[in-house]
Every structure is written in structure tokens, then in C-alpha cells.
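Per the numbering used here, the sequence shown runs over residues 8 to 316. A virtual CB, placed ideally from N, CA and C, is assigned to each residue, including glycine. Keep in mind it's a predicted model, so treat the numbers as computed, not measured. To start, the structure itself, in C-alpha cells.
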Amino acid sequence: MSEPDILKFGPGSAEAVDAYLNYRRIVGDDDNGQLFTPEEYENYKKKVLPARLRNRLFVSWTSPNGMDCKLVGPETLCFCQHRYKQHKTDFQVLPTVRPIDLPCKLKKCRCSTFQYVPMNGGQSVRCRCKHFSEDHDEGDGHACVKCKGKCGSFRSPWSCPCGQPAYLHQMVVENKEERLARGHPVGQDVPYAAMGGLTGFSSLADAYLRLDSGVGAPDESFFSGPVTSSDHPFLRMHAEAGGLSEEDAVTSGLGAVRLTGTNRDMDYYEQRYQARLKEERLQARAGATNSQQRDISKKPSRKLGPPKR
């Protein structure tokens, strides 16, 4: 048997790997596959980083209610099957026209702006014509290349976990001031290329999985509102029973019983079970009574004739 290959690194190798990763995150594909010299690297940072920090664009796939269902990052795929980092993301001066177009930088790609396509497991969602997004043209309109003119645009009936269909979502490309005006987080200023909407580790999760909803901090009415059955069991347990409705009070009591860990929970469920049985018996009895009344009403009345002699 051949001996396994063993990689041996000398002192300072880990620092060299970290330096290369930092270089790749800053430069991206701007070096065209040829590493910059130390002088070129420093000149690149002096030229690009100030404008990148000043004119960073936050890109998100947003639902109709304003929630960022997907925050676009460097590796996010576009409709043209190219990554976000392969699109134009750096601007010396931000355009004044909205929406801002982010065209693909690769040759022979006719993608005019970045367009996110949601994934259904390990594959992209299907259009109403039953074909995937990669079966549609990457140019404007996204006509299907397999339908031969029958499908003129990509429109997916797939529903996002937020509850809204995919075709109601839209791409939002905004600067820092516009994002703050919407009440969304902007994170820290970083020198890395094509960061898009990523502001932290929570940005890697979908909107409904993040701790922050993406719609900004709640107002005062959210904290001063009454505690109802839809709130957390901890809040319901400590709420005053007099301030709850009858239904909410029962639900709140159920949450408190579950937390005791005693036989009270079994007693509660037994009471609920007996009450349900009683209600079923009453309904069955009422149904039988109504059936008897209908049968009596359907019987023909007997006509009385003259007495027989």
C-alpha cells in the first residue's frame, strides 16, 4: 500500500493562509486570476476601499410586507447562474436612478442586473411552465427556451416560508441611509467585496428563522400591549388573570399547568376529556330527538271513518 500523503506546514503557514483568505475577500476576481504584487495590492486598497466603504450597497430579496426573506451574499446565485460576486458591486459614485442595476461582469452573459432565484431544497424553483430557472433566458424578460414562445417570462407559483408567493417578492438594492430609513440593520463597515446584505451570522438564515424579523425595532405599543394567548408561556404565566379574556385565561392557565410538572396537568386534561364526552353525548341525544320528530312529521295522519256495526 502506498503511504498516505502528509502535509507538513512550517512556522507562519497559518498566518499565510489567513492573509490569502483576507486578500481574496478584498480583491475578489479583480486580479483576473493573477495575484497582485504587494505594491499593487496596497495601491488597490487605497483606490477601492474608501469608495467601497462609502458606497456599499445592501441587496435583499424582500417580501411585500418589507421583510428581507433573503439577504444576498458573495456566493448567492443569480438568475444567470453566476454568483453575486461576479456582478458589478463597486461604484465610485452611486447612481441616482432607482432601482440600481448590477450587471454581470462575465463575457457573453446578457444579465443586465442581479436577480435572486429562491431554492427549493437543492434545486431552483420551477416556473408555471414546469421548467427550472436555468431553462429560461438570462436576458430581460426571462423567456423559456424550452417552451418555444409559449412562456414569455419566469413566474414561479412557489410560496416563500413567509407565506407570500415568489412572484410578489422584489429585489431591493439600497445604500446605507436608505436601509436605515427602512429600519433594517446595516452592521459594521467591512472592506470585503460583494458583501451585499450580509451584516452578521444571522444574515445567513432566512427571515423567518432569524431572531430579528428584519422589519426593525418594535414600537412602544408592542411592549405596552395586553398579554394574550398568542404570547410566550412565560408572559402568560405571570399575567394577571383579570386582564385576560375567558378564552385567553384558560389558555394561560394551561401554559402554567404545563410548567408545574405535577399531576395537575393530568387532571386538567381529564377534565377536558370528560367535558368533550359530555358534549358529544348531548349532541347525539339532540340529534336522536330531532330524528324522531322528523319521522313523526312524515307519518300520514289516520282519517277517522264511521264506526263499524
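Helix, strand or coil at residue i according to DSSP, with G and I counted as helix
| i | result |
| --- | --- |
| T96 | coil |
| K77 | strand |
| T69 | strand |
| V132 | coil |
| Q278 | helix |
| L216 | helix |
| L28 | helix |
| N50 | helix |
| N297 | helix |
| R288 | helix |
| L60 | helix |
| R283 | helix |
| L113 | coil |
| L84 | strand |
Selected residue, minimal CA-CA separation from residue i, among the options
| i | options | result |
| --- | --- | --- |
| L109 | N127, P192, C85, E47 | C85 |
| M178 | V66, N50, Q41 | V66 |
| C158 | G73, Q41, E227, R135 | R135 |
| H191 | G170, V197, R217 | R217 |
| L101 | E82, H138, A58 | A58 |
| Y91 | K112, P71, V104 | K112 |
| K52 | L14, A212, H89, Y30 | Y30 |
| V55 | Y199, A291, V234, G129 | Y199 |
| I107 | T296, L211, E185, D213 | E185 |
| R61 | A214, L205, N182, G203 | N182 |
| N39 | S160, G294, Q93 | Q93 |
| C169 | Q99, D75, F161, E47 | D75 |
Test item: CB-CB of residue i and residue j under 7 angstroms
| i | j | result |
| --- | --- | --- |
| A150 | D142 | no |
| S131 | F139 | yes |
| K155 | Y123 | no |
| S64 | V180 | At residue 64 the sequence reads Leu, which differs from the Ser that was named. Yes, they are a contact pair. |
| G204 | V79 | yes |
| C147 | S119 | It is Asp, not Cys, that sits at residue 147 in the sequence shown. Yes, the pair counts as a contact, with Cβ atoms nearer than the cut-off. |
Every unbroken beta strand (DSSP E) within the region 129–215, with a cutoff of 3 residues, ordered by chain: 177–181
At least three beta-carbon pairs within less than 8 angstroms, the region 70–85 to the region 171–187: yes
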